[in-house]
Amino acid sequence: MIRTFWILIIPMFLGYFVSTSTAAVINYKSLYIKHLIEITHQWKRALPKIKKSAHYAAEKIIAGGNLYVAGPQKNFPIEAYVRAGGLMLARPYNKNIILTNKDVILAATDNGRLPDTFFSMMKKTDKDGCNIILFCSSLNQPLPKNHFITLLFPGKKILSNNTIAPDLSSVSNIIGMWTWTGEFASACVKKGKMPNFYESYGLPGGIKRDEALKNKPFDIHSNVTSSDVKNPGYKYLTIVANSLSSILKQKTEFQKAAEIIQNAHKTGHKILVFYNGHMFPGEIINKQTPKWITINPRYGIYNIEPSAIESLSSKDVVIILEYQYFPKKFISDIYSHNAYCILTCSQNPPTWFLKRTKNIYINPFWPLTDAVVSIPNYDIKILPISGIMQSAIYWQLIGLL
9 MIRTFWILII
19 PMFLGYFVST
29 STAAVINYKS
39 LYIKHLIEIT
49 HQWKRALPKI
59 KKSAHYAAEK
69 IIAGGNLYVA
79 GPQKNFPIEA
89 YVRAGGLMLA
99 RPYNKNIILT
109 NKDVILAATD
119 NGRLPDTFFS
129 MMKKTDKDGC
139 NIILFCSSLN
149 QPLPKNHFIT
159 LLFPGKKILS
169 NNTIAPDLSS
179 VSNIIGMWTW
189 TGEFASACVK
199 KGKMPNFYES
209 YGLPGGIKRD
219 EALKNKPFDI
229 HSNVTSSDVK
239 NPGYKYLTIV
249 ANSLSSILKQ
259 KTEFQKAAEI
269 IQNAHKTGHK
279 ILVFYNGHMF
289 PGEIINKQTP
299 KWITINPRYG
309 IYNIEPSAIE
319 SLSSKDVVII
329 LEYQYFPKKF
339 ISDIYSHNAY
349 CILTCSQNPP
359 TWFLKRTKNI
369 YINPFWPLTD
379 AVVSIPNYDI
389 KILPISGIMQ
399 SAIYWQLIGL
409 L
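FYI, the numbering for the sequence shown is 9 to 409, going by our numbering.
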């Protein structure tokens, strides 16, 4: 029997931040984003294992296999599939798929547990010779002994006494997955094939370009060489760390936003969150989000829910985790109720938004392309960071409450 190989990718540092009820006394540098920056450095230490896994997967996919993405982490397959800067050959896994010994499944758990459905998938992959690469921070249960397991656990976990503090695991797994994706592309090029990546649909020509490449997992006219894709994982992690560091410098904006949210909650007013990004709502609909914060459906180009803001008062707060563009219509609706607005989006807001004292803009420091790693002789950048930055900003705010 062909054995199922597991690469259990675990970052060294699992940090948490300490939450406090008074923003003024916060040790700001100890918070979520600070620890997330440290996680990116631990992923750099894990690069040898990631490269080995990616090269092994590249051999299988080039030989005719398929690359699937699965949970149980809810936002993991959503983030990896049909994603700006992501692989066109990635597909969502479901139990009805007939697997082969050339296939590879990327999976993740963010709570240390694996459900029965995952063990059913394990039995199927073992029978069919398919390989699973599991991203996680810890496992609270043993895996079957008939599977070969490689652990990457280069250090200690640092835990918080505050049990409601947001865990880094889910975002860390996404960072690891995109790092792996970059190394997978590098491995494919070394074997003579450049995988195709999606360009953002929100960019001019993005939809037309991607449609033309649909069902073409590799660039048949590629001029990309091995030197063009040297160390993409390291480059990606460096960019992620730099963007997080830039976000962290916005101390005044974060603390002012936290005070506004705290005051609204203390006086019995509403705090609404609207999101627009691949990792949502899975990233924020969990026990770590305070029950008194209301999570709303996507706004803007996806869904318009005017009823959600019709009852806003001047002391309510709207938090908008927007994607690329400034949501002008939505902001106008909020203005009509004179509510507070905390916004993050890639496009810098206009001056009139910034001048309003009830508005706060937190720059997520990612480009409109979303993808951030340049590949010479390839037409677009690869590997996105928006979901990581949006999540980091949200959890940083929650940690200040």
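Cβ coordinates follow ideal geometry from the N, Cα and C atoms, glycine included.
Because the structure is a prediction, the values reported are computed rather than measured.
What residues in its chain sit with their C-beta under 6 Å from that of residue i, if we drop five residues either side in the sequence?
i: Ala316; result: Asn304
i: Ser230; result: Met202
i: Pro384; result: Asp236
i: Gly72; result: Lys110
i: Tyr331; result: Asn284, Gly285
i: Ile327; result: Val281, Ile350
i: Leu75; result: Ile69, Leu97, Ala98, Val112
i: Ala62; result: Trp188, Glu191, Phe192, Ala195
i: Ser254; result: Phe373
Grab me the residues of residue i's own chain with a C-beta within less than 8 Å of its C-beta, minus the 5 sequence neighbours each way, in chain order.
i: Ile215; result: Tyr209
i: Lys103; result: Thr125, Ser128, Met129, Lys132
Specify, as a first and last residue, the run of the alpha helix (DSSP H) that residue i falls within.
i: Ile418; result: Any question about residue 418 goes unanswered here, given that the chain covers just 9 to 409.
i: Val90; result: Here Val90 belongs to no alpha helix (DSSP H), and DSSP marks it neither H nor E.
i: Pro80; result: It is not in any alpha helix (DSSP H) - Pro80 instead sits in the beta strand (DSSP E) that spans 75 to 80.
i: Ala272; result: 259 to 274
i: Thr133; result: 124 to 136
For residue i and residue j, what's the separation of their Cα atoms in angstroms?
i: Lys2; j: Thr233; result: The displayed coordinates of the chain run from 9 to 409. Any statement about residue 2 would go beyond what the structure contains.
i: Asn83; j: Glu291; result: 6 Å
i: Asp341; j: Leu252; result: 31 Å
i: Ile393; j: Ala379; result: 7 Å
i: Gly407; j: Tyr40; result: 7 Å
i: Leu151; j: Pro80; result: 15 Å
i: Asn371; j: Leu351; result: 9 Å
i: Asn250; j: Lys259; result: 16 Å
i: Lys52; j: Tyr242; result: 6 Å
i: Lys257; j: Gln50; result: 22 Å
i: Thr133; j: Lys295; result: 32 Å
i: Met397; j: Ile183; result: 11 Å
i: Thr48; j: Ser178; result: 13 Å
i: Ile140; j: Gly93; result: 22 Å
i: Ile70; j: Glu191; result: 14 Å
i: Ser354; j: Glu219; result: 25 Å
i: Pro358; j: Thr189; result: 35 Å
i: Met287; j: Glu87; result: 6 Å
i: Phe262; j: Lys366; result: 14 Å
i: Asn271; j: Ser321; result: 14 Å
i: Arg121; j: Ala78; result: 14 Å
i: Ala265; j: Thr297; result: 16 Å
i: Asn356; j: Lys323; result: 25 Å
i: Tyr64; j: Leu376; result: 33 Å
Tell me the DSSP secondary structure of residue i in three-state form.
i: Arg99; result: strand
i: Ala400; result: helix
i: Tyr343; result: helix
i: Thr359; result: helix
i: Leu44; result: helix
i: Ile215; result: helix
i: Ile406; result: helix
i: Val380; result: strand
i: Phe226; result: strand
i: Ile172; result: Confidence at Ile172 is low in this model, with a pLDDT of 41, below 50, so its placement is unreliable and the value that follows should be read with caution. Coil at Ile172, not helix or strand.
i: Phe338; result: helix
i: Asn83; result: helix
i: Asp387; result: coil
i: Lys52; result: helix
i: Ser235; result: helix
If I measure Cβ to Cβ from residue i and keep anything under 7 Å in the same chain, skipping five residues before and after, which residues do I get?
i: Ile301; result: Ile279, Val281
i: Ile339; result: Cys349, Phe361
i: Val90; result: Tyr206
i: Asn204; result: Met96, Leu221, Lys224, Pro225, Phe226, Asp227
i: Asp136; result: Leu107, Thr108, Asn109
i: Tyr402; result: Ile292, Leu329
i: Thr171; result: In this prediction, Thr171 scores a pLDDT of 38, lower than 50, which makes its location untrustworthy; the coordinate-derived value is nonetheless stated afterwards. Contacts found: none.
Assuming residue i is part of the beta strand (DSSP E), what are its boundary residues?
i: Val197; result: No beta strand (DSSP E) holds Val197; the alpha helix (DSSP H) holding it covers 177 to 198.
i: Leu280; result: 279 to 283
i: Leu142; result: 139 to 144
i: Ala65; result: Where Ala65 is concerned, there is no enclosing beta strand (DSSP E), although the alpha helix (DSSP H) it sits in stretches over 55 to 70.
i: Ile106; result: No beta strand (DSSP E) contains Ile106, which DSSP labels as neither H nor E.
i: Ile303; result: 301 to 303
i: Pro372; result: Segment: none, Pro372 is in no beta strand (DSSP E) and carries neither H nor E.
Would you list the one or two residues that DSSP bridges to residue i?
i: Ile328; result: Phe282, Leu351
i: Pro392; result: Ala379
i: Leu114; result: Val77, Ile141
i: Phe205; result: Leu95
Taking only beta-carbon atoms, is residue i less than 8 Å away from chain C?
i: Tyr331; result: Absent here is chain C; the protein component of the structure consists of one chain.
Hey, would you say the C-beta of residue i is under 7 Å away from at least one heavy atom of the ligand NAD?
i: Val232; result: This structure lacks the ligand NAD; in fact it carries no ligand of any kind.
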